[in-house]
Every structure is written in C-alpha cells, then in structure tokens.
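Chemist: According to mature numbering (1 follows the signal peptide of the UniProt record, and there is no 0), the sequence shown holds residues -21 to -1, 1 to 233 in order. Cβ coordinates follow ideal geometry from the N, Cα and C atoms, glycine included.
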Amino acid sequence: MTALARSSALALLLLASGASAQQAATPEGPAPEARPPMGLLAGRELMAEMLDALGGVAAWDSVEAYSTAGDTQVNSLVMGDVSVESISVVRGADGVRVEQFTPVGSVLVQIDGDRVGFAISGESRPAPDGMASSVRSQLLFSVPYVIMRREDLAINRVADRPGGLPVLRFRAPGVEALYDLVMSQDRRPLRIESIQASAAGPGYYAYIFSDYREADGLLVPFQTEQRVDDLLLTTTVLSAFTVSPEITARTFAR
C-alpha cells in the first residue's frame, strides 16, 4: 500500500573593496559570491517567499482542510506494477482520512486526534501500533500539509544545494525525523527528503514534485514520485485538489 500521496543556504555576505586593495602589487582573487543567511529568521523568510510563489499568504491562511483524489502506480517486485486509487481528506494536524482502492480490496484509515479507525474491505480491524504517528510522519512529505502546519514546525534555512537551490529544514512536534524541503530558484518545492526508520533500518526517502497546477487559487504539485534509497517506489498523479471539502461527523471517526 502506498502512503498518500506524501523533503539546506549559508551565512554572511562578505564585502571587499578599498583603495589599498587597488594599489596592491599582486592582484587578489575574485570577491566571494554573496551567500544567503541561514537560521530561524531566514527560514521564516524563505517560507514566506515560497507561499508567495504558491498563491500567497492570504490564500494559504484560509486553508483549514483539503481533499485530494488521484491514482498511484506502485512498483512492486512481488506483484509487478499495481494501480491504487486514493481519496484523502486532511484537516489541520488532527484529522486525516485516507481511503485506498487496490486490486485486492479497499483500505480505510481514519484519524481524529488520538482515535484511529482502520478497515479492510469494509471490515473493521484493530489498527496497527503506531499507525497515527506513521501517517502523520508521511504527510510531512506533502507540500500542502507542510504549509498548513507551518506555524507548528521548527524551521531553519540551511546550506543551499548545488545550483543555489534553497533548503528549508523542518521538524514537527512529536516527530523525531528531520525533513529537508528543497526549492527551485522561483521558490516552488522540488522535493522533500528525510531519513526515516523502517523495519529494515534507516532509509533515505525523497518525494519529488512536478506538474504544478492552480487549484482553488493555490498552486500545488499534481505529480509526486516517491523514492527510497533512490529506488522509485510510487508515482502519484492527482485528479483533484479541493480546499474546504465537506466534512461530516463520520469523516474522521467511524
């Protein structure tokens, strides 16, 4: 099964000039390139620039919940390529509903705070241990979810990647892992990366974003590749992204 569809800028500008330098007998090398600042304040500024590139702060401030629908192609060594349809609803940090339709049946996960509902093909089952925290950890690979929760996150700007690509490093409350959000020069997220624990040991996870489209006044990626240790596992293509979907008492709890 797939997770829904689910990742560094340097210090001070150096100034160099003066008449004495111009009179030196031996010419000095080229002045160092201007380097952007790092740290908490720089991280918040970079986040604001990203929001501007994706529809504006006011538009994102109005997002309290969103829903997605799409299709995920899973690269399975056992079953070959598998197609999974998914419908999800996310409300803040506490409400998550994920429904997946696979060739062997459906899976429904409902999270409302500490309460977790889990069903396979319509039959309720005990939720696996740690399911809620696992789902929330995977949602931190989602651009809309990260933006919606931005005030809860510890954010820093860290060293740029090659080509001058800016990076936000963030951590969510109650989540041990760090996440790196790598942006393009125009401040669109390119990927989110993180080292995640698994039964087989720590793995390098990267979610790579493309096909940005406007939806309800926001610019969101409609295609996401999930890679683990650089092996392509899934490709998710959204068919819909909706802000403020209808939510009932049974959306997040059975």
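Find out if the Cβ-Cβ distance for the pair Tyr124, Leu118 is shorter than 7 Å.
Modeler: In this structure, Leu118 lies closer than 7 Å to Tyr124 by Cβ.
Chemist: Where do the N-terminal and C-terminal ends of the beta strand (DSSP E) with Met162 fall, by residue?
Modeler: Here the beta strand (DSSP E) through Met162 covers Tyr158 to Met162.
Chemist: How would you write the range of the beta strand (DSSP E) that Gly182 sits in, first residue to last?
Modeler: Unbroken beta strand (DSSP E) run through Gly182: Gly182 to Ala194.
Chemist: Is it buried or exposed, Ser62, if we count other Cβ atoms within 10 angstroms and call 16 or more buried?
Modeler: Burial call: exposed.
Chemist: Run through the stretch 64 to 120 for me and flag every whole beta strand (DSSP E) of 3 or more residues, listed as ranges in chain order.
Modeler: Fully enclosed beta strand (DSSP E) runs of 3 or longer: 74 to 81, 84 to 91 and 94 to 99.
Chemist: Contact between the stretch 205 to 223 and the stretch 174 to 187: three or more CB pairs below 8 Å?
Modeler: Judged by Cβ distances under 8 Å, the stretch 205 to 223 makes contact with the stretch 174 to 187, as three or more pairs qualify.
Chemist: Taking DSSP's pairing of strands, which residues face Ser46 in a bridge?
Modeler: For Ser46, which the question treats as bridged, DSSP gives the partners Val68 and Thr221.
Chemist: Taking the straight line between their C-alpha atoms, what separation do you get for Leu33 and Leu169?
Modeler: Taking the straight line from one Cα to the other gives about 13 Å.
Chemist: Using a 10 Å radius around the Cβ and a threshold of 16 neighbouring Cβ atoms, would you call Thr47 buried or exposed?
Modeler: Buried, because 16 or more other Cβ atoms sit within 10 Å of the Cβ of Thr47.
Chemist: Pick out whichever of Leu147, Asp40 and Val69 has its Cα sitting closest to the Cα of Val114.
Modeler: Val114 has its Cα closest to that of Val69, out of Leu147, Asp40 and Val69.
Chemist: Taking the CB atoms as reference points, tell me whether Gly71 and Asp91 lie closer together than 7 Å.
Modeler: Result no, Cβ atoms of Gly71 and Asp91 do not sit closer than 7 Å.
Chemist: List the whole-angstrom C-beta distance separating Trp39 from Leu30, where the pair is believed to meet the contact cut-off of C-beta under 8 Å.
Modeler: With a Cβ gap of about 5 Å, Trp39 and Leu30 count as contacting.
Chemist: Between Val83, Val88 and Gly59, which lies nearest to Ile66 when the distance is taken from Cα to Cα?
Modeler: Comparing Cα-Cα distances from Ile66 to each of Val83, Val88 and Gly59, the minimum goes to Val88.
Chemist: Quick check on Ala21: buried or exposed, where buried means 16 or more other Cβ atoms within 10 Å of its Cβ?
Modeler: With 16 or more Cβ atoms within 10 Å of its Cβ, Ala21 is classed as buried.
Chemist: How would you label Ser189, buried or exposed, when you count the other beta carbons within 10 angstroms and need 16 or more for buried?
Modeler: Under this definition Ser189 is an exposed residue.
Chemist: Excluding the 5 residues preceding and the 5 following Glu225 in the sequence, name in chain order all residues of the same chain whose CB lies nearer than 6 Å to its CB.
Modeler: Same-chain partners within the cutoff: there are none.
Chemist: Is Glu155 helix, strand or coil by DSSP?
Modeler: DSSP places Glu155 in coil when its eight states are reduced to three.
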